[in-house]
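This report concerns only the one structure given below.
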Amino acid sequence: MEKFVERDILFKNFFEKIQLAISRTVVLKSTLDLSKIKNVVAVDSAYKNDELMVTGAIVWSLEKREVLWRSYIECKPTYPYTPGLLYLREGPAILKILEDINLEWDLLLVDGHGVLHPRRAGLATVVGFILDVPTIGVAKRLLVGEEAGGEGFGYVLVDGEVLGYWFRDGGKFYVSPGYGLSIEDVLNFMRFMENRYPEPLKIVDRYVRSIMQCHRS
14 MEKFVERDIL
24 FKNFFEKIQL
34 AISRTVVLKS
44 TLDLSKIKNV
54 VAVDSAYKND
64 ELMVTGAIVW
74 SLEKREVLWR
84 SYIECKPTYP
94 YTPGLLYLRE
104 GPAILKILED
114 INLEWDLLLV
124 DGHGVLHPRR
134 AGLATVVGFI
144 LDVPTIGVAK
154 RLLVGEEAGG
164 EGFGYVLVDG
174 EVLGYWFRDG
184 GKFYVSPGYG
194 LSIEDVLNFM
204 RFMENRYPEP
214 LKIVDRYVRS
224 IMQCHRS
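In our numbering, the protein residues as written are 14 to 230.
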């Protein structure tokens, strides 16, 4: 029997165990009155291969539907891209940029999965757990589960349990609670977004891409 185990295998196993430990603490129960939300934060990252990562954040007013604040940081990606372990690649930069926000906010939107994840602890769940703030994960690729429902909207089942929803707004995307929210909260928030890809995430995506474009020109 081979006794030597590569370091990368040990790290991957350890980091996955961390996700499983976090997922055991997550209860899909609301800690936020959606009717009282005023400001939403959205975060996203853009890359130049593995050389540079730009992570941006915006504070978006639900009432005014406009950006109140925005900023970004640049760094080298902290971990190689590994499906299911995005929190290691983008989590540290997200935590850092959120420290810079000088406005009050109520909800965090993350470009990445919440509990709709093989270990029920995607990027949105891990960040929400660390900060103890309500989060929603929005992703364009399904990692786990079976889709059901109609033409433009449906739900995703994992072991017979609804863990998220899919929507179609041009392309298909998937939404799930990250931390501090129920499945129903996510659906209600998306109704407020008219079941379209959340505008704050669209804005922060364009923002970080524009910053990255400056490095490519």
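Glycine included, each C-beta is placed from N, C-alpha and C at the ideal position. Remember, predicted model here, so these are calculated numbers, not experimental data.
Margin query: Quick check on the DSSP output: what are the complete alpha helix (DSSP H) runs of length 4 or more inside the stretch 14–85, in order along the chain?
Written below: With a minimum length of 4 residues, the unbroken runs of alpha helix (DSSP H) contained wholly in the stretch 14–85 fall at 20–36.
Next item on the list: Check the C-beta distance from K231 over to I86 and give it rounded, since I have them as a contact under 8 angstroms.
Entry: No answer is possible for residue 231: it lies beyond the span of the chain, which begins at 14 and ends at 230.
Notebook entry, point to check: For the beta strand (DSSP E) that contains R204, what are its first and last residues?
Noted result: That residue, R204, is in no beta strand (DSSP E); its alpha helix (DSSP H) goes 196–205.
Check: R132 to V146, Cα distance in whole Å?
Finding: 20 angstroms
Note to self: Rounding to the nearest angstrom, what Cα-Cα distance links A34 and W82 in this structure?
What the structure shows: 34 angstroms
Next item on the list: Can you say whether T91 is buried or exposed, counting buried as having 16 or more other CB atoms within 10 angstroms of its CB?
Entry: Counting the other CB atoms within 10 Å of its CB gives T91 a total below 16, which places it among the exposed residues.
Check: Among all the DSSP beta bridges, which residues are the ones paired with F180?
Finding: F166, F186
Notebook entry, point to check: In this structure, does DSSP put L121 in helix, strand or coil?
Noted result: strand
Next item on the list: Kindly indicate which residue of F202, E160, L200 has the alpha-carbon position closest to the one of K185.
Entry: E160
Next item on the list: Determine the DSSP secondary structure at A134, reduced to helix, strand or coil.
Entry: DSSP places A134 in coil when its eight states are reduced to three.
Check: So what does I149 bridge to, in DSSP terms?
Finding: DSSP links I149 through a beta bridge to L122, P190.
Note to self: Check this for me: beta carbons of A55 and L122, under 8 angstroms apart or not?
What the structure shows: yes
Check: Leaving out the 5 sequence neighbours to the left and right, which residues in its chain are closer than 6 angstroms to E197 when beta-carbon positions are compared?
Finding: For E197, where only same-chain residues beyond five positions count, there are no Cβ hits under 6 angstroms.
Checklist line | Residues bridged to V221 (per DSSP) | finding: According to DSSP, V221 bridges with nothing at all.
Checklist line | Endpoints, alpha helix (DSSP H) assigned at R102 | finding: Per DSSP, R102 belongs to the alpha helix (DSSP H) from 99–111.
Checklist line | Backbone CA spacing between E212 and F24 [nearest angstrom] | finding: 36 angstroms
Note to self: For L65, tell me which candidate among R37, C227, C88, G135 has the shortest Cα-Cα distance.
What the structure shows: C88
Checklist line | Expected contact under 8 angstroms - CB spacing of L47 and F202 to nearest Å | finding: Here L47 really is in contact with F202; their C-beta atoms are around 6 angstroms apart, less than 8 angstroms.
Check: Using the rule of at least 16 other Cβ atoms within 10 Å of the residue's Cβ for burial, across every protein chain shown, is D63 buried or exposed?
Finding: exposed
Item checked: Distance CB(V151)-CB(V175) smaller than 8 angstroms -> no
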